[in-house]
Amino acid sequence: MPYSARQVTKDFAGVTVLQDVSFACQEGQIHGLIGENGAGKSTLMKIMAGLYQPSAGQLLWGDDEVSFPTVHHATAKGVYLVPQEPSLLPDLTIAENLTIGRFSKHKISALGLDWQGIKEAARESLEKLGFTIDVTLPAGGLSIAAQQLVECARALMFDSKFILFDEPTSPLDAAEADMLSGKMRELRDSGHGIVLISHRLSEMFALCDDITVLRDGRTVGDRLRPPFRHDEVVKAMIGRELQEVDAALKRRRNTPDETLLRVTSLASPPAVRDVNFEVRAGEVVGFAGLIGSGRTESAESVVGLRPKTDGVIALTGAARMHKSAADAFDRGLVYVPEDRAKHGAFLDLSVRDNITVGVLHRLTSATHAWMISRRGEQQAARDGMSRTDVRCPSPETRLRSLSGGNQQKSLIARALLMKPRVLLLDEPTRGIDVGAKAVIHQITRDLAESGLGVVFISSELEELTQVSDRIVVFYEGRTVGVVERDGSHEWPLEQLGHLVIAGASPVQTQSESYPAPHPSQSVSEVDPCSGVQ
Amino acid sequence: MKILAPSARNALYSSVAVLSIVGLAACGNSASKSAGTSGGSSSAAGSIKVAMNVKITGHTFFTEIRDGALAAAPSQGVSLTYSGPTFSDGQAQATQLNSIIQQGYKVLLLSANSPTVEAPAAEKAQAMGIPVITFDADVIPAARGWYVNDAAYPAFGKCLIDQAVKFGGPNAEVGIVSSNPDSPNQIAWINSAMAYQKANYPGLKIDGTVYGKGDEALSFSGAESLLQAHPGIKVLLTPDSGAAPGAASAITKLGMIGKVLSVGQGDLASSRQYIKNGSEVSCMWDNAGLGKLLVYMAKAAANKTLPKNGTFTSDPAGSWVIKNGWVDYAQNPTVFNKENVGKFTDAGSPIG
Amino acid sequence: MLRRTVTKQESYLLIAIVIISLITVAVHPNFLKASNVTSILVSASIFGFIALGETFVILGRGIDLSVSATLGLSALVIGMTANQHHIPIVIGVIIGVVLGIVLGTVNGLLVIFGKVPPIIATLATLTVYGALEFVYTNGNQVNSMPNNFDNLGNASYLGIPVIVLIFLVAVAVCWYFAKYTQLGRDIYATGNDRQHAESRGIKTSKAIFSTYVISGLLAGIAGLLFISYYTTATAATGPGTSYELSAIAISLIGGTALTGGRANFVSVAIASVFLAMTLTVAVFFGVPGIWDPAAEGFLILAVVLGDAFLTSRSGRRSVVELKRIISKGDVAHLADNPAGER
Amino acid sequence: MLGSRLGKADVFRPLSASVKAFGGWEFALLVLLVVEIVAFSQGAYGFWLGGAGALTQLQQFVGIAVASMGLGLVILTGGIDLSIGSVASLTGVVMARLWASGLNIWVAVLIALVVACAIGTLNGLIITYGKLHPLIVTLVTMFVVSSVAEVVVGTPTPYVFPSNFVNLGMGAYHSLPWSVMVFVVVAICAGYLVGFTTFGRELLMIGSNPVAAAYAGIRVRRVLVINYTLCALSAGIAGILMSALYASARGDLAQHLLLPALTAVVLGGVDIFGGSGRVRGMVLGVLLIGFLQQGMMLYGVNAVDVQLVTGILLGAAVVTKNMSGSQRFTRRLRRRRTNVPPPVPNELEASKVAS
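Protein chains in written order, with the working numbering: chain Z, 25 to 557; chain B, 18 to 369; chain L, 289 to 630; chain Y, 1437 to 1791.
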């Protein structure tokens, strides 16, 4: 029987984030949920999973009303939410992570917890997903993909009828995302109802049986059914066309200027083994590769956030090599980290603080007793905000209250204020909505136009092909090739794909690179742990 | 999450906080009246306000002195306020003294945690015309007018060694359990004992010293380890009211009664049981009497009739010799042992 | 990795204990005399008791500074009541337990409902409970205990002091509770990552709250053992000699992670023996008592550094294992999707 | 929010924002302080005396006041320093010994302060490079240093210092005690550092999110090491002032310095988890607690009840603060419970530990 929300409204301290939203999921179907950040997707999921209580409206199980005061009420009924960031407890074993919070139900023998039983149950549920691993290992060591599999396994353990995925694939690389999609298909075929939130439209289109679009806390139109049309969906999401953005992206530059950054045989084991690339003025260099292929780590060691054991980092105009990140930033070699919440943002501080942190020392002077010039700082903040079009009421707004896209823009603004010559953007569009994504692509291009050298790291080849002039491919800590557009300005996608996946171009790997694909097989062969860093 | 308008919340903050603190101050205040540690006796009009401040409140040694003093106070027209820090902490005590001397007391009775830390406050008191009489633990001479020494050092040292020899013989091995390495009267007593020992019983052998910080439990563990480390020890010198019973209980626990003896300065309240079971002999004095004497001296000092040198006579208390403000309270400390312990009150005064 | 590391912790502590005692015995033959070992074990048991409680709190990512005052208060109350009207041990136990639970509950309330950071909350209660000791004693102290308590302090069964036996039972119970009960695992999970534990449907507030109650409870019983063994207590007992720091020290030496989620009660028990022994050894070698704190300090440092080292190593090991498990053949599943996306 | 730490900066901030920050709390502290001073001036003899009395009261707890400034700096970064008490004691003892050995008193003071700084630097280095939790490291330092202090002091403990040194503790310039002037200077320096300089801003950033601070190019290690050094320095100054006030040096002189200082800092509205707090609040907090204790003592309230009230006040204050609408604490709790990113050597590691 279907599980549905009817005319659900939710407001936090007066701010309405959901308005009369109705949403139903059927067993044996994958129901997509799309919308810009802040559209209320996650809120809706959390309400349906019992994390939040609706301010108005009901949840219906079949035809009779249900209410889930807590998560476990929902879990008990058979609704399970796989959060965007897998919430495994790092020091606990995989087995315990799978069974925790459920001891009371089973696994309790006369002598308390029955560890043997717990291990067995854990192993079984993982094997159902064709995932074999020693369940006594600490979950902390698992890659994000693997952790998400464990989450699915939990869902199965609780014999959940409905499994809600909140952006499961955004932290995954293509291969892993694909593996997960396969799992979802299997789950659907075995009669589970699945709700999927994702920003990767192509993925959604491939997976979903129908799609509901949310905008500003309301459902837009009726639920869409295949065949889905890209432009139609995007229009529904952001309420405008993306034409102008696309136009901007079409522009291409083929006349790169002198080399700004040359990195040769960079090594920082274990993640980075032998990395070579160069960045020229006025071009966007894409970094492609699976998660764990060493893209991020390379970028970090290039700017000095990681100690490198070997290699030369030659920045034009710099006499000697920089000693620390601060040093590198001063010389115009600036890095915008991958994980916004953990590595980038000071969420509890103001937008101004976040933007000006890199240039404070330029705002002080001996004549003013090394005090930070307030006017200068305000100026800098506003300047930065305007350059990346950060939308917020005031520079004093707390960063936490901004949307993901605006947070990311603030961080890029921070980098721009440092007057970079080479800018390394690591997954700048992860987990942000289509609109903001387009703006960031635009900014990236403009920066290149203005003569900067930009490095653009992303797991989405699609977006890399859109913004990059050249793409450097990483594989197991090595740069395995540089791909450029061919004469007709088209990308040799096949070659690119194989470089990314196999670390070699199809020419040599022809034979083994085309095994008869079979979904289940392909799935079982996926390495869930390739992300271990 | 805005529940209240900023201004309203602002007001809420302050009001709640104000109420809480005012209320607290009040309750603390009323409590002080009831709490026995302040122990002020009814102050008759025109009575002499005397402050007694000790190393640490909540130790029977001082409580006995306090009670003795409180008993004598009314008859002398003295209103006595008893106070002291909650940890034996020189700095805390000095801070207290600094406020005490501003509360219009006529005389200050002081047992100092440290000879120096309390000195400035005591000096200030004298500068303000408040006579300072120290007892039990002295401060530097400049900072006080009179010092009532519990027991004459030579006599006390002699008492310790004599008892030690009496039990263990002239060649016994001896261990020392003291309170703190830098507490003046401990040093003085131990030195005097050593001097007497070198002169008369050079055979005695000192095996080691441990410190119990005046805490019975700590002294217990210290003494225990000391006895384990030096099985030859026959006598533990314990010139501290925490160390004496502590060591004695260690001896008792280790079943060494009769083999080892704790010879020290233990007030009967905590030592009686061990003196009874023969694990301790105590060179002590009448604590209550000490309290009384302090009250009489305080009255005299307030009336400017207390001499720096000469004899101070006060019929109920008897007469004492004062040299440069130094008074030895117990000329010859009483030896409390199995036999006589029954005849004394906990405060050390003879029964009947 | 966790389990592996901590068991290492235990074995290393045991090795250290053996080595140190061997050296000491070589110099002072009577170090291993029954009476000495006994006294070491007994004091280890009494402080181990509050260390166990402290470990629960730290396990839940908190800290409890008030244990020493709780011990002191319970010791005083039991002592005074016992002396005024001769009560059976049972009553003493009840007093200790009830008092401990009440005081622990106050901590729990402050932390959970008052949202006061643990270190601040328990600092406040340490101050208050410490003051209450004085108010309660009113300047008097406990000097002796009636025989029934005295006997509890000295009695031994099969040559093992009853106090030690009680401690062993307590360790066993703690170990079982932490490993085999719902609440115990909840505490581990909560200390590991409260947010995620919460999303697991674990009542993290309940878990944290319980750690403070347990800590108080154990401190209360420790007070009973303290008073029956030392048969003396003053208003300064506990805070006056900073037992709370010893408790934290023991817990850390036992390999408890200050960041929560990792603790092993057996090794905490061993650690308490280790510390007690070291301090006795110091006396045997005539080291002045003023060096004791320094010794404690260095022990903690050594253990924490060693633990960090071990953790990192076993951490690597587990990753290696994961790599081993990895199945080959990334190519296949991309075949139908060469460009990664679309 | 941070703008609220920039004095004038409040001008361009919406009022609500500044109130949401600490305005409300500090306002409450101020009201309390006034109420308290007025109340005690009525009740307690010698408390006010036309201001002079109050200054003398301040003189009594100036050691705590100075030490709390440094402690506050460390807590702003989400760290803590348990060793300030023993460091203060050691500073006094070293100074006394050096002086007893015939050195000029002020030279001795300087050397002693250098020793204090050295300990602080050591703390910082172990915490950042050893990647250990500040609580553990400084607990160890506390233990070790207190032993060392007891050893250094030896017997007999030196006293009788030159009068001009003792004056530093007890003397006054036209009823303005010298030690209070020192406190004012220290407080101003702290306020300047935190509120106006890049260093101060970096402290708050590290406290807010140490990993992000490292990624933003802040030299986390350097900042932290300097910070712990400053903390130890202020503890050292406190130790000197106390030795001067009590004209004596003892290994345990400042053994109970930590708790009141910590109380004052927290009362002053500094987030124990770091990332927010103002020197302004810290000063208010220390004055509040100090005058409360002094006043009660003058009022004849005995030590036990003073202790009671202080403890209850600390608890009540923080509860009030958390109850009054501010969700920062719980949110921060949430942040700190999220998984730490995969270990990255050097700066990042150090920064993580510092939290």
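We put the CB at the ideal spot given by N, CA and C, even for glycine.
Here the structure is a predicted model, which means the values were calculated and not measured.
Classify residue i: buried if its beta carbon has 16 or more other beta carbons within 10 angstroms, exposed otherwise.
{"i": "residue 1691 of chain Y", "result": "buried"}
{"i": "residue 1664 of chain Y", "result": "buried"}
{"i": "residue 455 of chain L", "result": "buried"}
{"i": "residue 1609 of chain Y", "result": "exposed"}
{"i": "residue 307 of chain B", "result": "buried"}
{"i": "residue 321 of chain B", "result": "exposed"}
{"i": "residue 367 of chain B", "result": "exposed"}
{"i": "residue 518 of chain Z", "result": "exposed"}
{"i": "residue 330 of chain B", "result": "exposed"}
Can you give the beta carbon distance from residue i to residue j, rounded, assuming they're within the 8 Å contact cut?
{"i": "residue 430 of chain L", "j": "residue 521 of chain L", "result": "5 Å"}
{"i": "residue 203 of chain B", "j": "residue 256 of chain B", "result": "6 Å"}
{"i": "residue 1508 of chain Y", "j": "residue 1706 of chain Y", "result": "6 Å"}
Any beta carbon from chain Y within less than 8 Å of residue i's own beta carbon?
{"i": "residue 70 of chain Z", "result": "no"}
{"i": "residue 92 of chain B", "result": "no"}
For a cutoff of 8 Å on Cβ pairs, would you count residue i as touching chain L?
{"i": "residue 1729 of chain Y", "result": "no"}
{"i": "residue 1569 of chain Y", "result": "yes"}
{"i": "residue 1497 of chain Y", "result": "no"}
{"i": "residue 293 of chain B", "result": "no"}
{"i": "residue 192 of chain B", "result": "no"}
List, in order along the chain, the chain Z residues whose C-beta lies closer than 8 Å to that of residue i?
{"i": "residue 469 of chain L", "result": "136, 137"}
Return the residue from the list the options that minimises the CA-CA distance to residue i.
{"i": "residue 219 of chain B", "options": "B/195, B/188, B/205", "result": "B/188"}
{"i": "residue 485 of chain Z", "options": "Z/232, Z/419, Z/201", "result": "Z/201"}
{"i": "residue 499 of chain L", "options": "L/561, L/433, L/465", "result": "L/465"}
{"i": "residue 394 of chain L", "options": "L/497, L/525, L/473", "result": "L/497"}
{"i": "residue 372 of chain Z", "options": "Z/56, Z/425, Z/456", "result": "Z/425"}
{"i": "residue 511 of chain L", "options": "L/502, L/525, L/410", "result": "L/525"}
{"i": "residue 188 of chain Z", "options": "Z/221, Z/123, Z/210, Z/406", "result": "Z/221"}
{"i": "residue 1505 of chain Y", "options": "Y/1737, Y/1693, Y/1472", "result": "Y/1693"}
{"i": "residue 214 of chain Z", "options": "Z/226, Z/224, Z/251, Z/153", "result": "Z/153"}
For residue i, return the contacting residues in chain Y, with the cut-off set at a CB-CB distance below 8 Å.
{"i": "residue 415 of chain L", "result": "1695, 1743, 1744, 1746, 1747, 1750"}
Cβ of residue i within 7 Å of any heavy atom in the ligand SAM?
{"i": "residue 1594 of chain Y", "result": "Judged by which ligands are present, the structure shown has none, so any question about the ligand SAM falls away."}
List, in order along the chain, the chain L residues whose C-beta lies closer than 8 Å to that of residue i?
{"i": "residue 111 of chain Z", "result": "481, 483, 484, 487, 488"}
Could you tell me whether the Cβ of residue i comes closer than 8 Å to any Cβ of chain B?
{"i": "residue 427 of chain L", "result": "yes"}
{"i": "residue 316 of chain L", "result": "yes"}
Residue i touches chain Y at which residues, Cβ-Cβ below 7 Å?
{"i": "residue 381 of chain Z", "result": "1641, 1652"}
{"i": "residue 115 of chain B", "result": "1496"}
Give me the chain L residues within the contact set of residue i, using Cβ-Cβ distance strictly less than 7 Å, ordered along the chain.
{"i": "residue 1583 of chain Y", "result": "578, 579, 581, 582"}
Could you tell me which chain B residues have their CB closer than 8 Å to the CB of residue i, listed as they occur along the chain?
{"i": "residue 309 of chain L", "result": "Residues of chain B passing the Cβ test: none, with the nearest at roughly 13 Å."}
Is residue i close to chain Z, meaning its C-beta is less than 8 Å from at least one C-beta of that chain?
{"i": "residue 1644 of chain Y", "result": "yes"}
{"i": "residue 1637 of chain Y", "result": "yes"}
{"i": "residue 1717 of chain Y", "result": "no"}
{"i": "residue 1659 of chain Y", "result": "no"}
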